[in-house]
Amino acid sequence: MGNSLLEVNNLDVSFKIGKKTYPALEDITFKINENTIVGVVGESGSGKSLTAQSILGILPTNTEVEGSIKLENDELINKSMKDWKKLRSNEVSLIFQEPMTSLNPLMKVGKQISEILKKHTNDSKEQRYKKTIKIMNEVGLKRSENLYHSYPHELSGGMRQRIVIAMAIINNPKLIIADEPTTALDVTIQAQILNLLKSIVKKRNGAMLFISHDWGVISQVCDYVLVMYAGQIVEQGLIENLLNNPQHPYTRGLIKAIPDFRKRGEALYSIPLRVPALTERNKGEWPYIKITKENAQCAAEIFPEITKEGTKE
């Protein structure tokens, strides 16, 4: 692993709803080194995407942020809009989950890639075209000259995702954030996209934050993993350590829920707890679990710090 590229320390993000403030992220601390893919795994509502939004500076206006996010020792919290326009795409970029909603259906895909160069560089129209064709080839798109003039609906799901990836990397950012980039793809295309993402990080000497709820995908692409629940990191470590020797009961529960062909015919395991809604959270009362007869034993096993006096029956 290379030098530290991104450092997040004691990050707290809260939402102000009416007169109350609710914690969404608490004490998020991790770092990403060069040539490293760090995965973030957890149930929906755990704070995975919100962590990415915090790094990208695209949080809603009703949020309160404390802590530190440094990209190559440059503090990102409280950056001005002018600074963010320079940073996004050039230093840090995002690969969206669903390409059909992130691409403009009325604009040719090649033009959408080229528009990023137009916004962030002084390249001529011919230079932008050549760079666009080159990046389309790099992400594995064939007949790029013809595809340049295609509209999103004329491409397959895998091809559209490659277009989105090309848009994210054309300015050679140091950090790429991939927010569940293979969710909408079939298994074969998913494997191709995962291999592509790994090769991009290796070739460009960059780093990636890879968000997913799928341990199978995380294990294929990531070097290091953060396990999140209800806005906190419950465990983090090298992927092989977490898969072979998970320390936190919640991590063990997630791994146990991975479908296994060797257990064919058996009922799939599921954790009988739900991630609490934002309005159910109060700072200092994490993990905000409402204890019921059905989940009491599981809650006590996964979060042993819970006491009967500190829970709501």
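Residue numbering for the sequence shown follows the numbering used here, starting at 7 and increasing by one per position.
Just so you know, even glycine gets a beta-carbon here, dropped at the ideal spot from N, CA and C.
query, result
"Cβ-based burial, Leu274 [other Cβ within 10 Å; buried from 16]", "exposed"
"Residue range of the beta strand (DSSP E) that includes Ser10", "Ser10 to Ile23"
"Segments of 3+ residues assigned as beta strand (DSSP E) that fall wholly inside the region 236-300", "238-244"
"Strand pairing of Ile75, partner residues [DSSP]", "Val14"
"Nearest candidate by alpha-carbon position, reference Ile141, set Tyr157, Thr42, Ile176 and Ser162", "Ile176"
"Proximity below 7 Å, CB of Val227 to CB of Leu200", "yes"
"Nearest residue (CA-CA) to His254, options Glu291, Lys136, Glu307 and Ile206", "Glu307"
"Neighbour-count burial assignment, Gln303, 16 or more Cβ in a 10 Å radius", "exposed"
"Closest residue to Asn96 among Ile75, Glu72 and Leu62 (Cα-Cα distance)", "Leu62"
"8 Å contact criterion, which Leu249 and Ile261 should meet: CB distance rounded", "7 Å"
"Outcome for Lys54 when other beta-carbon atoms lying within 10 angstroms are tallied against a minimum of 16", "buried"
"Beta carbon of Lys22 nearer than 7 Å to that of Asn79", "no"
"Sub-7 Å separation of Leu12 and Ile38 beta-carbons", "yes"
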